[in-house]
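Per our numbering, residue 19 is the first one in the sequence shown, and the count goes up by one each step. For each residue, glycine too, the CB sits at the ideal point set by N, CA and C. Given the structure is predicted, the values throughout are model-derived calculations rather than measurements. Below you'll find the structure, written out as structure tokens, and then a few comments.
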Amino acid sequence: MNIFSVLHCEFRKIIRANVFWLVFLVFAFGPIMMGVGTISSGNTGDINWQMYLTELLSGLAALGLIGYTFISAWVFGREFTDKTIKDLLAKPVSRSQIVISKLLVILAWDLLLALFMFAVALAAGGVLGVTGWSTVLIGDIFFRFILTSILFIVVTTPGTFLANVSKGYLAPLGLILVIVIFSNVLASMGFAPYFPWTIPSVFQSTGFLNVSSIIILAFTGIAGIVGTFAWWRFAEQQ
């Protein structure tokens, strides 16, 4: 059994799960409500696509962090809560291949969710009558949003590690709620470029990251991935 077979099985498990579709349904409300809030805060005629998307996506990218964390925690944590971990380990495939397959599934799901939220944001803006459409403008904003989403995906890897250690997905969700609170406090104190979970928002607003922020972001992402591989390699599966 090679890694492609494992990857295929992982994709099938995810798509057949009700949670897969429920995530998209739940996160459709975020862009819609934020879009309505953005429009209602001013006159519709005074809000163009640049103003609308800039304000909307700054909050939407951070909202995605919760979704990305849930996805990574659920993909690994469900094996423990559903009691399927022993069946998974009984397959004639290495644990490293299992982890790689799950990480690739998480990445694909996260990017799909990011694309979905951006599409809903565009649809909401069109329905609400936002003016000043420009293909070049939308393309630039979309590119920055996707890069920001990828940065947020990178910092969800510690949650992935925690999902395995705690053998479930509740602990990572609790952690991310605490992180959101700390993020607001640290951002107000000027530490946003140095806290892993606020660094993506810095890029979203400025389009630039300093070297120290990049190093912190990379270290956080790598630490979570290495920790996950190490846990699956050395921890005793009960």
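- Burial is judged here by how many other beta carbons sit within 10 angstroms of a residue's own beta carbon; residue 65 has at least 16 and is buried.
- In this model, residue 197 and residue 107 are separated by some 32 Å (Cα to Cα).
- Take residue 190, set aside five residues on each side of it, and the residues of its chain with a beta-carbon closer than 7 Å to its own are 87, 91, 177, 180 and 181, in chain order.
- Residue ranges of uninterrupted alpha helix (DSSP H) with 4 or more members, entirely inside the segment 189-233 and ordered along the chain, are 217-224.
- Distance check between residue 235 and each of 144, 248 and 173 places 173 closest, using alpha-carbon atoms only.
- In the three-state reduction of the DSSP assignment, residue 87 falls in the helix class.
- In terms of Cβ geometry, residue 78 and residue 139 form a close pair [threshold 9 Å].
- Apart from sequence neighbours up to five positions away, the residues of its chain that approach residue 124 with a beta-carbon distance below 7 Å are 89, 90 and 93, ordered along the chain.
- Note on residue 249: 16 or more other CB atoms within 10 angstroms of its CB, so buried under the neighbour-count rule.
- Residue pairing by DSSP places residue 149 opposite 66 in a beta bridge.
- As summarised for the segment 102-152, the continuous alpha helix (DSSP H) elements at least 4 residues long and confined to that stretch are 103-107 and 113-146, given in chain order.
- Rounded to the nearest whole angstrom, the CA to CA distance from residue 184 to residue 153 is 46 Å.
- Within the same chain, Cβ atoms closer than 7 Å to the Cβ of residue 85 are found at 41, 45 and 131, the five residues on either side in sequence being excluded.
- For the pair residue 122 and residue 50, the Cα-to-Cα distance works out to about 29 Å.
- For residue 183, the enclosing alpha helix (DSSP H) covers residues 175-184.
- Taking all protein chains shown into account, residue 207 has fewer than 16 neighbouring C-beta atoms within 10 Å of its C-beta and is therefore exposed.
- Three or more Cβ pairs closer than 8 Å define a contact, and the segment 208-217 falls short of that threshold against the segment 146-162.
- Judged by DSSP secondary structure, residue 29 falls within the alpha helix (DSSP H) whose first and last residues are 21-34.
- Here residue 46 carries a coil assignment [DSSP, helix/strand/coil].
- Straight across, the Cα-Cα distance linking residue 242 with residue 171 is about 11 Å.
- Selection 187, 233, 175 and 231 evaluated against residue 244 yields 175 as nearest (Cα-Cα).
- CA-to-CA, the gap between residue 95 and residue 213 works out to about 26 Å.
- The three-state secondary structure of residue 158, taken from DSSP, is helix.
- By the beta-carbon neighbour count (other beta carbons within 10 angstroms, threshold 16), residue 159 is buried.
- By the C-beta density criterion, residue 192 is exposed, having fewer than 16 other C-beta atoms within 10 angstroms.
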